[in-house]
Structure formats: C-alpha cells, structure tokens
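Worksheet: the structure to be examined is printed underneath.
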Amino acid sequence: MKLFPTGHATHPQWRMAAALVLAQLRAQMALPEYASAPTLGLLYITDHYAGEAQALFDYLSGELPEVTDWSGTVGVGVSANNAEYFDEPALSLMLLDIPADQYRVFSGVAPLPRNPASGFEAYTALVHADGHTAELAELLEEMAARTTTGYLFGGLSASRGASVQFAVGGNGNIAGHGAAGGVFDGGLSGVAFGPGVALLSRVTQGCQPVGRLHTVTAAHENVVLQLDGEPALDVLLSTLDVSLDGDAQAALRKVRATLAGLVDAGEQPQGAQRTGHFGTDTRVRHIVGLDGARRGVALADHVEPGMHLAFCQRNVAAARADLMRICAEIREELSPEALEPAPLASAAQGDRRPAPGSVGLPAGSTPARPIRGAIYVSCSGRGGPHFGGPSAELQIVRHALGDVPLVGFFAGGEIAHHHLYGYTGVLTVFI
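So the sequence shown is residues 3 to 433, counted in the numbering used here.
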C-alpha cells in the first residue's frame with residue numbers, strides 16, 4: 003500500500019502557497035513509495051485565505067484533475083507532519099489513495115444516505131461542521147447513526163471570517179451540488195469511509211482531574227445543584243481548597259481556571275480513575291457562573307441527575323503526557339504484538355465495544371501495516387504556545403509516530419464518536 007502525498011506551505015499570497023504545495027505533491031507522486039494517482043483530496047486552510055477560498059480551490063482542483071473528490075475546511079491554524087501554521091496564511095493538503103467504492107463525500111445539499119440500500123455502507127466518517135449550526139449535537143448523533151460503527155471524527159470550522167467548507171464528489175459519488183462550486187458555508191460536510199478503509203482513531207484531552215468523580219444528584223437545566231447529595235458549590239470550593247468568605251478574589255481566580263468534565267448518565271466512566279486522564283466518555287465544559295442562593299454551579303452544557311462530574315484544570319504537562327499516550331496506543335495497535343488482545347478487530351464484527359477513544363480495523367486487517375497517512379484535529383486553544391513552543395504539539399506526534407504524512411487543522415471544537423469536545427486532539431491514522 004502506498005503512502006498518501008502531502009504538501010503544506012505559508013505565503014501572504016495564496017497562489018504562491020498553492021504552487022509550493024503542488025510542487026511537493028508532484029515530487030512525492032513521482033516516488034515509488036507514494037500513491038501516483040490518488041482521487042480524494044483533504045484541504046485545510048487558515049482563515050487568512052477564507053475570503054479567497056473559492057479561487058484557491060478552483061486553482062488546486064484545476065491543477066489536479068485526477069483528484070475527483072474533495073473535502074476540508076478552515077481553521078485558525080493548519081498542521082502538517084512536523085509543523086503547525088498558527089495565525090498565519092497557510093494551507094495543508096493530503097491526497098488519499100482509497101478505492102472509489104470505499105468512500106463518499108457528503109454535504110448539506112448531498113447528505114449521507116440513511117441506509118446501505120444505496121450500495122454504499124458508511125463505516126466511519128470524517129466530519130467538518132459549522133459551530134453555529136442549529137441543534138449541532140443532535141445532528142452529530144444522527145450522523146453517527148448513519149454509520150456502522152457510530153464513530154465520527156473531525157472538528158468545527160474556526161475562522162475570524164467566512165467558515166468555509168470544501169465538498170466535491172466525482173465518479174458518480176455525489177449529486178445535488180449544482181452551482182455551489184464545492185465551497186460551502188454552514189452545516190455539515192465530510193467524507194464517509196467504507197469497511198474496506200482501515201484506520202485507527204484516538205482522542206486526547208488537555209485537562210487533568212483535580213478531584214474525585216462525583217454523581218450529579220440534583221440539577222436544573224445547566225446548573226448543577228448537588229453532587230453526591232452535597233451542595234455543588236460547596237463541593238467545588240472544597241475541591242479547590244478555597245473559600246468565598248476569605249479572599250474571595252483569589253478563590254474566584256481558581257474557579258475561573260477550573261472546568262468540569264461531564265459523563266452522561268448510564269455510561270461507565272473510564273480513564274480518570276485509572277490513568278489520571280479523562281476518557282472519551284468525558285466532555286469538558288466551562289464553569290459559567292456560581293449560584294449562591296441555591297449553592298449551585300452553572301456549566302456551559304445541559305446537566306441532568308445521574309450524570310457524573312469531575313472538576314479539572316488545563317494542564318500542559320498532562321496534555322503532553324496524554325498526547326504521547328494515544329500515540330503509543332496507536333503504535334501498539336499497529337505492532338505484531340497487538341494481535342493477541344485484538345479488541346478492535348472483534349469490535350468491527352460487532353461482538354464487543356471498541357476501546358475507549360478508538361475505532362479499529364475491519365475484520366481480517368493486518369495490524370503490522372505502516373501508517374499511510376494521518377489526520378490530526380486539535381483545539382485552537384491548544385495551538386501555538388500551549389505546548390511550550392512553535393509546532394511543539396505536532397513534533398510530539400511526529401516523534402511518536404515517525405515521519406508519516408499528516409494534515410489537520412486547529413478547530414473551534416473537536417468531534418469524536420458522536421460527541422463534541424473542547425481542548426482535545428483527535429488523531430486518526432490510515433493503514
């Protein structure tokens with residue numbers, strides 16, 4: 003199997019950056035280890051180019067006529083295999099060599115079919131979404147239900163200008179785009195992959211629990227009223243070891259630096275108790291207020307009794323350690339020694355749940371395959387200096403996985419399973 007060609011560049015003029023990317027792609031496509039005729043392009047641009055997205059896309063698609071299908075979006079930054087371009091004009095492009103009957107591009111005007119009667123079975127899906135889309139959480143759940151595994155990966159567009167998405171299908175894969183030109187604004191788009199596309203995906207969260215896991219015993223809308231039968235505000239202050247009766251300003255500073263990790267009622271909490279890191283069952287949300295009258299804590303999400311909650315804080319060391327952990331897990335899955343436990347291969351056959359934060363190999367796949375390409379979607383709040391220096395986050399990935407082809411973007415929210423996350427990274431590798 004061939005590697006996926008990639009190219010990335012920065013330049014104040016989009017045409018110059020695109021020309022540099024095309025030169026990289028053509029040089030790689032001439033090498034024997036790279037795919038020579040890929041048909042699916044993943045294009046990510048920074049918001050500096052958002053206003054000229056249509057012209058940029060027209061230029062790239064005209065120069066690469068063999069690429070019949072396109073998907074992508076805009077971020078405040080884009081990433082490559084060893085670099086991140088954050089808050090500067092740049093683009094990152096990967097060409098995937100996947101059989102035409104094993105993927106389908108979708109968008110709001112050409113949605114993914116609800117059932118396999120159309121002749122295509124959606125196994126997993128890469129999803130790009132506009133964060134202003136109404137009832138986005140429900141749309142993601144509905145989209146996940148259209149796939150066999152229920153696993154989505156991707157992120158929300160992040161832009162100070164137009165929140166553009168790219169979606170074009172060829173070879174009869176898609177219809178209904180009309181004169182849209184492949185560049186959209188709003189809604190959902192992406193690529194659904196069939197069971198013949200082998201991939202692994204993991205989620206890393208940049209927050210570390212600062213207290214034990216609690217059960218929500220009383221709540222109203224977005225306000226947590228009681229945790230384990232105790233007033234939620236009292237539990238928060240006790241966890242942080244502060245008091246509003248003393249130095250209230252110091253206490254509020256600690257509260258502002260604290261977030262809440264939520265786990266839905268009925269789900270078995272994983273990760274935090276065993277490894278000190280949140281699992282993918284946990285959604286990190288901001289604390290948006292304190293209710294002194296009811297001794298409650300208001301969160302930026304709807305809360306119901308029966309949910310689990312752990313207070314947490316953003317932690318650079320924890321984020322680095324957790325990113326290295328998921329990279330190590332992917333390496334272990336791809337090594338021959340990973341054949342013995344094989345939880346993911348059996349999960350693909352539907353007889354057990356995939357490991358937390360992952361979607362696995364279709365049945366019969368060979369874990370010893372090399373990585374053909376990777377997609378990394380990281381939170382815009384993690385980009386730039388959060389990991390300690392320019393491109394530090396992507397260099398961790400490269401150090402762990404090797405010099406593999408990689409593209410991605412810094413998002414306004416990250417998508418994994420059927421949930422929307424924050425302060426996370428979603429790493430997916432094709433094998």
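We put the beta carbon where it would ideally sit given N, CA and C, even for glycine.
If you drop the 5 nearest sequence neighbours on each side, which residues of the same chain put their C-beta closer than 6 Å to that of residue i?
i: residue 7; result: 27, 30, 31, 36 and 97
i: residue 146; result: 152, 154 and 420
i: residue 47; result: 76 and 93
i: residue 389; result: 395
i: residue 376; result: 406, 408 and 431
i: residue 9; result: 23, 26, 27 and 95
i: residue 225; result: 293, 298 and 300
i: residue 21; result: none
i: residue 171; result: 71 and 107
i: residue 321; result: 208
i: residue 162; result: 49
i: residue 380; result: 412 and 427
Which same chain residues, not among the five before or five after residue i, have their C-beta less than 7 Å away from its C-beta?
i: residue 143; result: 420
i: residue 139; result: 422
i: residue 397; result: 84
i: residue 269; result: 283
i: residue 414; result: 133, 158, 159, 160 and 382
i: residue 265; result: 271, 283, 284, 309 and 310
i: residue 104; result: 195, 196, 198 and 199
i: residue 14; result: 91
Quick one, are the C-beta atoms of residue i and residue j less than 8 Å apart?
i: residue 218; j: residue 158; result: no
i: residue 399; j: residue 429; result: yes
i: residue 227; j: residue 314; result: no
i: residue 302; j: residue 293; result: no
i: residue 75; j: residue 411; result: yes
i: residue 328; j: residue 204; result: yes
i: residue 209; j: residue 51; result: no
i: residue 223; j: residue 288; result: no
i: residue 109; j: residue 169; result: yes
i: residue 86; j: residue 393; result: yes
i: residue 89; j: residue 78; result: yes
i: residue 72; j: residue 45; result: yes
i: residue 197; j: residue 150; result: yes
i: residue 66; j: residue 135; result: no
i: residue 193; j: residue 128; result: yes
Decide if residue i is buried, meaning its Cβ has at least 16 other Cβ atoms within 10 Å, or exposed.
i: residue 99; result: buried
i: residue 18; result: exposed
i: residue 38; result: exposed
i: residue 290; result: exposed
i: residue 11; result: buried
i: residue 391; result: exposed
i: residue 33; result: exposed
i: residue 401; result: exposed
i: residue 207; result: buried
i: residue 249; result: exposed
i: residue 91; result: buried
i: residue 230; result: exposed
i: residue 184; result: buried
i: residue 211; result: buried
Over what stretch of residues does the beta strand (DSSP E) that includes residue i continue unbroken?
i: residue 423; result: 421 to 423
i: residue 153; result: 153 to 158
i: residue 413; result: 408 to 413
i: residue 187; result: 185 to 187
i: residue 166; result: 166 to 170
i: residue 221; result: 216 to 222
i: residue 62; result: First-last for residue 62: 55 to 65, but that is the alpha helix (DSSP H), not the beta strand (DSSP E).
i: residue 197; result: Where residue 197 is concerned, there is no enclosing beta strand (DSSP E), given that its DSSP letter is neither H nor E.
i: residue 227; result: 225 to 229
What residues in its chain sit with their C-beta under 8 Å from that of residue i, if we drop five residues either side in the sequence?
i: residue 187; result: 132, 164, 165, 166 and 167
i: residue 307; result: 218, 219, 220, 221 and 267
i: residue 253; result: 239, 242, 244, 245 and 246
i: residue 236; result: 297
i: residue 123; result: 150, 196 and 197
Using DSSP's beta-bridge definition, name the partner residues of residue i.
i: residue 47; result: 76 and 93
i: residue 261; result: 288 and 314
i: residue 192; result: 108 and 129
i: residue 12; result: 92
i: residue 204; result: 429
i: residue 381; result: 413
i: residue 2; result: Here the chain has residues from 3 to 433 only, and residue 2 is not among them.
i: residue 30; result: Answer is none; residue 30 lacks a bridge partner.
i: residue 236; result: In DSSP, residue 236 forms no bridge with anything.
i: residue 98; result: 42
i: residue 81; result: 86 and 410
i: residue 210; result: 315
i: residue 376; result: 408 and 431
Can you confirm whether residue i, when its beta carbon is compared against all beta carbons of chain D, has any partner nearer than 8 Å?
i: residue 146; result: Given the protein chain composition of this structure (a single chain), no chain D is represented.
From which residue to which residue does the alpha helix (DSSP H) around residue i run?
i: residue 396; result: 394 to 403
i: residue 141; result: 138 to 147
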